[in-house]
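In full-length UniProt numbering, the protein residues as written are 1 to 404.
All C-beta atoms in this analysis are idealised placements derived from N, C-alpha and C, irrespective of residue type, glycine included.
Owing to the predicted nature of the structure, the values given are computational and were not obtained by experimental measurement.
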Amino acid sequence: MELKVWVEGVVRVVSGLSLNTSCQDVVIALAQAIGQTGRYILILKLRGNERPLVADDCPLQHLAKLGQLAQEVQFVLRRTGPSLSEGQNTPTRERRLPLPRPPEPEPLKHRDTHKALSFSLGPSTHPKRTKPNRAWSPSPRASPEPRASPVSFLDAPSSVKAVPSYSSKEEVFRQILQQQKRLQDLEIQLQALEKETEVWEQERSSATVPSLNLHLADELEQRLRQNEAELMHSEHWEEQLQAEMDREQDLHRRLHQIHSVMNEHSYQIQELQARSAHVAQDIQLTARRQTSQQQEEALRPLRQELHNRLQQGEELETTLSQTQRELQAAEEIQQQQQKAPRPLPPKFKQKETRQFKSKAPKAGQKGFDNDVPGMDGLGDSAVVCPWEAFGDMELSDLAQFGIV
1 MELKVWVEGV VRVVSGLSLN TSCQDVVIAL AQAIGQTGRY ILILKLRGNE RPLVADDCPL
61 QHLAKLGQLA QEVQFVLRRT GPSLSEGQNT PTRERRLPLP RPPEPEPLKH RDTHKALSFS
121 LGPSTHPKRT KPNRAWSPSP RASPEPRASP VSFLDAPSSV KAVPSYSSKE EVFRQILQQQ
181 KRLQDLEIQL QALEKETEVW EQERSSATVP SLNLHLADEL EQRLRQNEAE LMHSEHWEEQ
241 LQAEMDREQD LHRRLHQIHS VMNEHSYQIQ ELQARSAHVA QDIQLTARRQ TSQQQEEALR
301 PLRQELHNRL QQGEELETTL SQTQRELQAA EEIQQQQQKA PRPLPPKFKQ KETRQFKSKA
361 PKAGQKGFDN DVPGMDGLGD SAVVCPWEAF GDMELSDLAQ FGIV
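Written as structure tokens, this is what we have:
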């Protein structure tokens with residue numbers, strides 16, 4: 001994995017990292033890459049806020065925890081002061097030495113431990129020795145301390161020949177040890193010079209990068225602005241999304257309340273339906289009772305009237321039977337009256353007296369007053385025949401007396 005670190009305004013990309021790579025390893029690797037000794041600290045910068053990281057912190061783990069905000073994070077390598085060895089030097093030396101003295105062989109061990117880290121610092125311009133007797137020119141910014149001039153390995157035999165012969169082997173052995181020690185010192189100086197040359201080449205390449213990549217820097221700034229605008233836009237949409245989610249939760253809560261109210265109302269409706277069914281049954285029973293009572297009340301006068309009518313019928317039948325008996329008696333009387341003539345009215349007696357007298361029987365004849373009913377008591381009076389007496393009367397007058 002890679003990590004971008006801003007070092008003195010220049011972006012350095014450190015690759016070959018893992019989640020467990022500590023901040024101390026990154027700082028050591030960057031310090032070795034730029035070739036400057038001193039005390040450094042790695043700072044995590046996010047939206048204007050700076051947070052210094054300790055030696056045991058893991059930068060990639062911080063990026064993983066930040067999530068989407070990891071694009072806004074910047075790691076800055078800041079030099080807080082000189083190293084302990086530089087702090088013991090005089091200020092004049094610090095002014096005369098813009099670049100520190102090359103590190104001792106001990107820091108090289110750290111470089112060996114972190115050899116998996118690689119840096120994209122441009123094309124490598126590390127000089128290679130093609131000839132063993134190549135002479136190295138001192139750097140113009142090199143330290144003014146006296147240094148032993150580099151000696152080629154081909155000059156070693158001549159130097160050995162220049163050594164005077166000694167009689168004892170101990171002196172020869174001591175001289176050999178001194179030569180070996182000198183060779184070791186020369187090798188150390190040679191490595192330091194190579195290191196210094198590499199640092200100079202890296203500084204020169206890093207100095208030419210901004211001038212050559214101005215267009216790339218502008219493009220990166222434009223992309224940064226676009227990313228910031230997109231981030232602001234995404235933050236706006238995240239706020240809108242959060243508001244919509246809150247609204248959705250509110251709607252779900254209201255929907256749940258509505259469902260609970262609907263369930264309660266449905267339960268109440270079922271109770272009301274059951275009560276209405278019971279009330280309907282009670283109403284039907286009451287209606288049946290009321291209808292039976294009303295029918296009884298309505299039939300009571302009818303029954304009374306029917307009873308009265310029956311009594312009247314019985315009375316009428318009794319009256320009719322009596323009337324029939326009276327009628328039969330009247331008919332019988334009428335029949336008897338029709339068979340026996342009725343006595344004449346007084347007006348008819350006076351009117352027809354002469355006729356009866358003229359027709360009266362003579363002396364010695366038997367009268368008919370004893371034979372005709374209603375003629376009793378007439379004696380010697382003149383008797384008139386009934387049919388002749390009614391000769392001048394009309395039939396209507398005769399009908400009144402039941403004669404016709």
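Original post:
Measuring CB to CB, does Val13 end up less than 9 Å from Val5?
Top reply: Cβ atoms of Val13 and Val5: closer than 9 Å.
Subject >> Ala55 vs Ser22 beta-carbon contact at 9 Å >> reply: Taking 9 Å as the Cβ cut-off, Ala55 and Ser22 qualify as a contacting pair.
Original post:
With 16 other CB atoms within 10 Å as the buried threshold, where does Leu193 fall?
Top reply: By the beta-carbon neighbour count (other beta carbons within 10 angstroms, threshold 16), Leu193 is buried.
**OP:** Report the residue ranges of all beta strand (DSSP E) runs contained in full by the region 276-301; include only those spanning at least 3 residues, in chain order.
**Re:** Taken in chain order, the complete beta strand (DSSP E) segments of 3 or more residues contained in the region 276-301 number zero; there are none.
**OP:** Tell me, please, which residues DSSP counts as bridged to Gly81.
**Re:** Gly81 is bridged to Arg39.
**OP:** Within the same chain, show all residues whose beta-carbon is closer than 7 Å to that of Met1, passing over the 5 residues directly before and after it, in chain order.
**Re:** Contacts found: Leu17, Ser18, Leu60.
Original post:
In whole angstroms, what separates the C-alpha of Ser266 from that of Ile258?
Top reply: About 12 Å.
**OP:** Drop a sphere of 10 angstroms on the beta-carbon of Glu314, count the other beta-carbons inside from all chains shown, and report buried for 16 or more, exposed for fewer.
**Re:** By the 10 Å Cβ count, Glu314 comes out exposed.
Original post:
Okay, do the region 30-39 and the region 63-75 touch, 3+ Cβ pairs below 8 Å being the bar?
Top reply: The answer is no - the region 63-75 does not touch the region 30-39, with fewer than three Cβ pairs under 8 Å.
**OP:** With DSSP as the reference, label Lys161 as helix, strand or coil.
**Re:** Only weak support is given to the placement of Lys161: the predicted model assigns it a pLDDT of 41, under 50, and the question is left unresolved by the model.
**OP:** Taking all protein chains shown into account, decide if Leu285 is buried (16 or more other Cβ within 10 angstroms of its Cβ) or exposed.
**Re:** In summary, Leu285 is exposed, with fewer than 16 beta-carbon neighbours lying within 10 Å of its beta-carbon over all protein chains present.
Original post:
Under the DSSP definition of a beta bridge, which residues are partnered with Lys45?
Top reply: DSSP, once it has assigned bridges, lists Glu50, Gln74 as partnering Lys45.
**OP:** Give the straight-line distance between the Cα atoms of Glu187 and Lys181, rounded to the nearest whole angstrom.
**Re:** In this structure, the straight-line span from the alpha carbon of Glu187 to that of Lys181 is close to 10 Å.
Original post:
Could you give the C-beta distance for Gly38 and Arg78, rounded to a whole number, given that I count them as a contact under 8 Å?
Top reply: About 10 Å; that fails the 8 Å criterion.
Subject >> Outcome for Ile269 when other beta-carbon atoms lying within 10 angstroms are tallied against a minimum of 16 >> reply: So Ile269 ends up on the exposed side.
Original post:
From this set, Gln281, Ile41, Asn49, Leu46, which residue's C-alpha is nearest Asp57's C-alpha?
Top reply: Minimum Cα-Cα distance from Asp57 among the listed residues Gln281, Ile41, Asn49, Leu46 corresponds to Ile41.
Original post:
CB-CB under 6 Å to Leu272, same chain, minus the five flanking residues each way: which ones, in chain order?
Top reply: Nothing listed; no residue qualifies.
Original post:
By Cβ distance below 6 Å, which residues in the same chain neighbour Leu302 in space, the five residues on each side in sequence not counted?
Top reply: Within the same chain, no residue comes within 6 Å of Leu302 by CB-CB distance, once the 5 residues on both sides are set aside.
Original post:
So what does DSSP say about Ser15, is it helix, strand or coil?
Top reply: Ser15: strand per DSSP, three-state reduction.
**OP:** Would you mind stating whether Val172 and Gln36 have Cβ atoms separated by less than 9 Å?
**Re:** Not a contact, by the Cβ cut-off of 9 Å.
Subject >> Separation of Pro52 from Gln202, as counted between CA atoms >> reply: The alpha-carbon of Gln202 is positioned some 27 Å away from that of Pro52.
Original post:
Which two residues bound the contiguous alpha helix (DSSP H) that contains Leu63?
Top reply: Element bounds for Leu63: 59-66.
**OP:** State the start and end residues of the unbroken alpha helix (DSSP H) segment that holds Leu30.
**Re:** Per DSSP, the continuous alpha helix (DSSP H) segment holding Leu30 begins and ends at 23-34.
Subject >> Between the CA atoms of Ile43 and Ser260 - distance to the nearest angstrom >> reply: When rounded, the separation of the alpha-carbon atoms in Ser260 and Ile43 is 56 Å.
Subject >> Buried versus exposed call for Leu3 [16 or more other C-beta atoms within 10 Å across all chains shown] >> reply: A residue is called buried when at least 16 other Cβ atoms come within 10 angstroms of its Cβ; Leu3 meets this threshold and is buried.
Original post:
To the nearest angstrom, how far is it from the Cα of Glu221 to the Cα of His233?
Top reply: Between the alpha carbons of Glu221 and His233 lies a distance of about 18 Å.
Original post:
What do you reckon, are the CB atoms on Val73 and Val7 nearer than 9 Å?
Top reply: Cβ distance not < 9 Å, so Val73 and Val7 don't count as in contact.
Original post:
In terms of DSSP beta bridges, what is Trp237 paired with?
Top reply: In the DSSP assignment, no residue is bridged to Trp237.
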